[in-house]
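In order, the protein sequence lines correspond to chains A and B. The numbering used here puts the first residue of the first sequence at 1, with every later residue one more than the last. The numbering used here puts the first residue of the second sequence at 1, with every later residue one more than the last. Backbone N, C-alpha and C fix where the C-beta goes; we use that ideal spot for every residue, glycine too.
Protein chains: 2
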Amino acid sequence: MAQHRNRRVILKTRATALPTPELFDIVEDDAPEPGDGEALIHNIYVTADPGMKGWISTAVNYASVETGATMNSFGVGIVVESNSPHLAEGDYVVANTGWQEYSVVTPGPKSVRKVDLADGPLSASLSVLGHSALTAYFGLLHVGQPKAGETVLVSTAAGAVGSAVGQFAKIKGCRTVGIAGGPEKVALCREEFGYDDAIDYKATDDLAAALKEACPEGIDVYYDNVGGDILDTVLSHMNQNGRVTVCGTAATEGWVPPPTGLRFERNVLVNRLRIQGFILFDFQDKYEEALTDIRQWFKEGKINYREDIAEGLANAPAALAGLYQGTNKGRQLIRVRPDPTL
Amino acid sequence: MAQHRNRRVILKTRATALPTPELFDIVEDDAPEPGDGEALIHNIYVTADPGMKGWISTAVNYASVETGATMNSFGVGIVVESNSPHLAEGDYVVANTGWQEYSVVTPGPKSVRKVDLADGPLSASLSVLGHSALTAYFGLLHVGQPKAGETVLVSTAAGAVGSAVGQFAKIKGCRTVGIAGGPEKVALCREEFGYDDAIDYKATDDLAAALKEACPEGIDVYYDNVGGDILDTVLSHMNQNGRVTVCGTAATEGWVPPPTGLRFERNVLVNRLRIQGFILFDFQDKYEEALTDIRQWFKEGKINYREDIAEGLANAPAALAGLYQGTNKGRQLIRVRPDPTL
């Protein structure tokens with residue numbers, strides 16, 4: 001077996017506020033060797049996800065990364081050594097790679113997904129044909145459960161997840177309204193992602209009035225990626241039996257000390273709202289079922305998407321920090337090395 | 001047809017804080033006459049419900065009572081005139097009577113329910129065999145959906161709804177923990193309503209620690225009648241995939257100006273919680289199905305209950321105010337006139 005040197009990004013310090021590049025370090029050591037049943041992946045793209053804020057926070061999280069450990073992430077790469085009957089050298093796979101050049105994976109239906117290049121570009125396996133689309137799919141269709149004719153409101157509406165939510169809701173016959181920050185993103189919502197209307201929350205000082213105008217029949221489903229003040233305002237404009245998918249809390253910088261907001265339970269009671277938290281990993285059993293739908297919609301040209309690709313692992317921490325400043329223009333990926341399929 | 005004089009309690013002023021007797025007035029006029037298909041009920045008991053705070057508030061509600069109108073409520077009485085083939089003179093019925101001596105009702109499967117005295121005392125048709133039990137049943141079993149072995153936490157645990165929730169959860173094989181105010185109610189929880197443990201929230205300055213001790217395996221279902229600070233604390237002790245039934249907001253005195261509390265969305269996201277508002281009226285189609293279960297459990301001696309019966313319509317406003325001071329000892333009813341079945 002060849003011995004590979006492995007550059008990887010580790011978490012140096014846990015975050016008490018929004019992620020900054022200083023929380024991370026880059027180190028180089030020997031790549032691990034795949035054991036029996038395992039395979040070694042040479043990574044090509046890895047992801048920066050809004051949820052990572054929680055993984056590296058001092059507060060408890062569902063996917064905490066230990067200090068000194070390689071930063072956790074999804075990635076796509078090529079199998080360069082395999083001791084598993086399920087993977088062959090040269091296979092392209094999506095896995096939980098972390099921010100590093102080489103990753104050892106244990107193939108399994110939940111841990112590794114083979115990529116068919118006929119479906120789309122390799123990077124799309126992490127965006128419109130990958131986790132951001134899956135997040136949109138389950139959070140909207142399984143948790144939010146919109147019906148045709150209902151109004152679906154989406155925050156971070158031009159983002160990787162939000163833009164997929166809006167387009168999936170449209171496919172299901174809903175009226176779609178996006179909330180995004182800045183005229184460029186609002187234009188993307190309207191022109192590229194097919195929203196019926198879009199609100200620039202940074203340009204309005206009366207979000208309630210803007211919601212009433214954009215959602216004249218009220219809001220049936222709110223797919224929320226931000227929480228905070230926007231969520232508080234939306235909650236008082238939900239229709240009876242409305243549903244809120246809580247997918248992200250990007251608007252809140254830190255949870256220590258605990259931040260405050262408007263009390264929510266009266267709106268929940270009076271309008272019989274259902275507010276439900278949602279994490280993609282819980283739906284691993286159903287990924288293939290969802291991807292069958294998503295690939296079909298993609299082939300039919302019903303889904304537009306954008307990627308923002310940072311160059312090199314060293315830029316991964318800055319790319320992550322940019323997510324919370326809203327500087328990324330689409331699904332944030334990091335190109336670990338040149339894409340051999342292009 | 002005999003002409004009856006009708007005393008009734010009307011709403012004089014809408015409430016901006018907790019209900020007080022001064023908001024109401026008592027008036028006397030001729031009882032309405034039943035039209036075609038209608039019946040006249042001579043009321044015996046009417047109810048005072050925690051939800052009435054919302055009905056008479058200046059804030060929008062699902063069941064607002066207009067100023068000058070008879071206070072809305074459930075009641076049980078005897079049919080004294082009937083122009084409906086569905087009701088006969090002498091039938092005992094539960095209906096939306098309001099706080100008055102005589103009520104005209106239009107019989108229908110959703111509006112009027114006949115009472116069989118063989119099931120229990122007449123007053124029980126408004127308590128353990130009536131709306132408080134139905135509220136507990138649907139809010140717990142349809143919304144909270146506990147599984148055997150799970151921990152169910154209940155606020156206002158010794159109250160009419162709470163005590164039924166605790167006992168229904170026990171019947172379903174759950175560990176039950178009550179939150180109540182004062183040693184007397186905590187003793188009721190343990191000794192009369194079968195809770196595995198009970199917390200006196202007034203006697204602890206560290207509810208979080210008390211919850212950890214009483215719920216060593218965390219909380220799977222929280223049946224909430226109060227909201228406020230207690231809800232905030234409970235939310236950070238819910239197990240993954242926990243469910244919260246929002247049935248009442250008794251802890252919050254008024255909603256104008258909007259009160260604040262801890263932000264909730266992070267707990268909802270990280271633990272995939274489902275918070276759902278619940279109003280009994282939405283389940284009218286299923287009342288009979290639920291009452292079949294409840295009557296059976298009652299016959300089997302599995303359900304204890306308490307009633308607190310105020311004498312006379314003039315005491316109804318004070319009885320309502322007492323609910324929010326926690327002075328009532330069980331389901332709060334008002335005896336409009338002597339119970340002819342006793």
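Contact annotation: I26 of chain A and R7 of chain A have beta-carbon atoms nearer than 8 Å.
Taken residue by residue, none of the stretch 208 to 219 of chain A has a beta-carbon sitting less than 9 Å from a beta-carbon on chain B.
Here the stretch 31 to 41 of chain B lies against the stretch 76 to 96 of chain B, with 3 or more beta-carbon pairs under 8 Å apart. Taking D29 of chain B as the centre and dropping the five residues before and after it, the same chain places the C-beta of N6 closer than 7 Å to its C-beta, in chain order.
Shown here for N267 of chain B: same chain residues with a beta carbon closer than 6 Å to its own, the five before and five after excluded, namely L235 and S236 in chain order. With 16 or more other Cβ atoms inside 10 Å of its own Cβ, A319 of chain B counts as buried. Taking 8 Å as the threshold, the shortest C-beta distance from V27 of chain A to chain B does not fall below it.
In the three-state DSSP reduction, N315 of chain B falls in the helix class (H, G or I). The beta carbon of A88 of chain A sits closer than 8 Å to those of V79 and S82, all from its chain and outside the five residues before and after it, given in chain order. Among the residues of chain B, none has a CB under 9 Å from the CB of L18 of chain A; the nearest is roughly 14 Å distant. Residues of the stretch 249 to 275 of chain B that bring their beta carbon within less than 7 Å of a beta carbon in chain A comprise T249, T252, W255, P258, P259, T260, G261, L262, R263, F264, E265, R266, V268, L269, V270, N271, R272, L273, R274 and I275, in sequence order. For V246 of chain A, the chain B residues whose Cβ falls inside 8 Å of its Cβ are E265, V268 and L269, in order along the chain. Where V246 of chain A is concerned, the enclosing beta strand (DSSP E) starts and stops at M238 to V246. Taking all protein chains in view, the Cβ of G108 of chain B is surrounded by fewer than 16 other Cβ atoms within 10 Å, so the residue is classified as exposed. A straight line joining the alpha-carbon of L11 of chain A with that of M71 of chain A spans about 6 Å.
Proximity of the stretch 111 to 119 of chain A to the stretch 137 to 144 of chain A falls short of the contact definition, fewer than three beta-carbon pairs being nearer than 8 Å. Shortest Cα-Cα distance from I279 of chain B to any of A:Q240, A:N43 and A:H131 involves A:Q240. D229 of chain A: member of the alpha helix (DSSP H) spanning G228 to L235, first to last residue. At a cut-off of 8 Å between beta-carbon atoms, N61 of chain A makes contact with chain B. The beta carbon of Y62 of chain B is closer than 7 Å to those of I279 in its chain, skipping five residues each way along the sequence. In the DSSP assignment, K114 of chain A falls within the unbroken beta strand (DSSP E) covering V112 to K114. The beta carbon of V336 of chain A sits closer than 7 Å to the beta carbons of N43, I44, Y45, V46, E101 and L313 from its chain, once the five residues preceding and following it are set aside; these are given in chain order.
Against chain B, the CB of G227 of chain A has a partner CB under 8 Å away; the residue lies at that interface.
When C-beta atoms of the stretch 123 to 135 of chain B are compared with those of the stretch 194 to 203 of chain B, fewer than three pairs fall below 8 Å, so the two segments do not count as touching. About 24 Å separates the CB atoms of V246 of chain A and L207 of chain B; that is not less than 8 Å, and the two are not in contact.
Not a single C-beta of chain A is nearer than 8 Å to the C-beta of D206 of chain B.
Annotated as distal: V161 of chain A and C215 of chain A, with beta-carbon spacing of 8 Å or more. Looking from the CA of R243 of chain A, the closest CA among A:A118, A:Q145 and A:G77 belongs to A:Q145. Counting the other Cβ atoms within 10 Å of the Cβ of T135 of chain B gives 16 or more, which makes it buried. DSSP places T97 of chain A outside both helix and strand once states are collapsed to three, so it counts as coil.
Rounded to the nearest whole angstrom, the CA to CA distance from T13 of chain B to Y324 of chain B is 18 Å.
Not flagged as an interface residue toward chain A: D49 of chain B, since no C-beta distance is shorter than 8 Å.
Not a single C-beta of chain A is nearer than 8 Å to the C-beta of I294 of chain B.
At least one C-beta of chain A is nearer than 8 Å to the C-beta of I279 of chain B. Across the structure, D308 of chain B and P258 of chain B are spaced so that their CA atoms are roughly 33 Å apart.
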